[in-house]
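Residue numbers (the working numbering): 1 to 270.
For each residue, glycine too, the CB sits at the ideal point set by N, CA and C.
Single-structure report; data block below.
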């Protein structure tokens with residue numbers, strides 16, 4: 001889920017979430033999303049988050065990497081180009097996976113699957129896992145966290161980029177008489193659950209959770225929290241991506257750098 005979206009609906013308490021309906025929302029959005037990503041106009045990722053994600057991942061040479069919620073495969077291809085031995089992208093949206101397969105490089109593979117249940121993957125079989133703005137879209141992010149922990153080798157990282165809980169809570173910019181942005185109003189922060197929003201003119205559903213819910217779930221699963229990043233934008237980047245000016249004022253995103261304790265062993269070099 002991206003930044004330039006109004007987050008005004010109060011999360012709803014209780015009730016089940018229809019995974020089929022969530023998948024259908026992304027299937028409808030997929031053509032617009034794929035077009036934006038391939039035209040290189042996704043300023044949030046290209047102008048800010050990519051560099052931070054790559055820094056958090058570190059040297060991926062020879063690694064087996066899981067891209068949990070890979071979308072159309074853009075970041076998987078980046079990791080493959082940086083020397084990963086194998087990148088597996090998993091996503092529930094069939095049009096996204098089909099698009100990813102079109103540009104597969106030979107070191108990256110893509111499958112349709114539910115990242116909340118990775119039963120087709122063996123225990124301790126990956127050196128690194130990433131979730132790039134996907135856990136906020138999952139009804140059960142804790143299940144995804146447990147599954148990623150299971151498939152990672154000891155000593156491996158799980159790098160999670162997510163919506164900042166302050167911005168996934170209902171609220172939006174408050175403006176002055178001349179239309180200038182004054183501040184972001186945040187309300188109902190502790191009311192976790194699904195909420196509706198609009199992206200690229202299309203209705204979508206994602207999930208608000210508090211910072212403590214995320215961190216305590218990560219720790220309770222067995223991960224250690226190595227680093228917490230609240231991304232901002234470098235001033236010199238604004239000349240190319242002027243729409244990122246909000247990022248100098250409020251945090252829209254957050255990156256959790258997690259590690260599974262133990263020893264990973266030596267990645268395959270190729």
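(message) So, at 8 Å on beta carbons, what are the nonlocal neighbours of residue 258 in its own chain, with the 5 sequence-adjacent residues on each side left out?
(response) Taking the first residue of the chain shown as position 1, residue 258 is located at position 258. Within the same chain, residue 258 has close Cβ partners 157, 158, 159, 160, 218, 223, 224, 225 and 226.
(message) DSSP three-state label for residue 210, please.
(response) Here residue 210 is taken as the residue at index 210 of the chain shown, counted from 1. In the three-state reduction of the DSSP assignment, residue 210 falls in the coil class.
(message) Suppose you measure from the CA of residue 153 to the CA of residue 130; what does that come to, to the nearest Å?
(response) Sequence index remark: in the chain shown, residue 153 carries index 153 (1-based). Sequence index remark: in the chain shown, residue 130 carries index 130 (1-based). Those two C-alpha atoms are separated by around 14 Å.
(request) Express the C-alpha separation of residue 33 and residue 260 in angstroms, rounding to a whole number. (result) Along the chain shown, read from residue 1 onward, the residue named residue 260 stands at position 260. Along the chain shown, read from residue 1 onward, the residue named residue 33 stands at position 33. The straight-line gap from Cα to Cα measures roughly 32 Å.
(request) Starting from residue 108, follow the beta strand (DSSP E) in both directions and report where the run begins and ends. (result) Taking the first residue of the chain shown as position 1, residue 108 is located at position 108. 108-112 is the extent of the beta strand (DSSP E) around residue 108.
(message) What does the Cβ neighbour count give for residue 135, buried or exposed, with the cut at 16 atoms within 10 Å?
(response) Residue mapping note: residue 135 aligns to position 135 of the chain shown, counting from 1. Classification of residue 135: buried, given that the 10 Å Cβ count is 16 or more.
(message) Just to confirm before moving on: does the CB-CB distance between residue 17 and residue 95 stay below 9 Å?
(response) The residue you call residue 17 lines up with position 17 of the chain shown. The residue you call residue 95 lines up with position 95 of the chain shown. In this structure, the beta-carbon distance from residue 17 to residue 95 does not fall below 9 Å.
(request) With residue 134 as the anchor, note down where its beta strand (DSSP E) starts and where it stops. (result) The sequence position of residue 134 within the chain shown is 134, counting from 1. From DSSP, residue 134 is part of no beta strand (DSSP E); its letter is neither H nor E.
(request) Count the other CB atoms, across all protein chains shown, that sit within 10 Å of the CB of residue 24; report buried if there are 16 or more and exposed otherwise. (result) In the chain shown, the residue the question calls residue 24 occupies position 24. An exposed status is given to residue 24, since fewer than 16 other beta-carbon atoms sit within 10 Å of its beta-carbon.
(request) Express the C-alpha separation of residue 174 and residue 39 in angstroms, rounding to a whole number. (result) The residue you call residue 39 lines up with position 39 of the chain shown. The residue you call residue 174 lines up with position 174 of the chain shown. Taking the CA atoms as reference points, residue 39 sits about 32 Å from residue 174.
(message) Is the beta carbon of residue 22 closer than 9 Å to that of residue 200?
(response) If you number the chain shown from 1, residue 200 lands on position 200. If you number the chain shown from 1, residue 22 lands on position 22. Remark: C-beta atoms of residue 200 and residue 22 do not approach each other more closely than 9 Å.
(request) Measuring alpha carbon to alpha carbon, tell me which of 104, 54 and 263 ends up nearest residue 77. (result) Sequence index remark: in the chain shown, residue 77 carries index 77 (1-based). When only C-alpha atoms are compared, the closest one is 104.
(message) Under 8 Å, with one C-beta from each stretch per pair, do the stretch 37-54 and the stretch 206-221 reach the 3-pair mark?
(response) Using a Cβ-Cβ distance cut-off of 8 Å, the stretch 37-54 and the stretch 206-221 are not in contact, since fewer than three pairs of beta carbons, one from each stretch, lie closer than that value.
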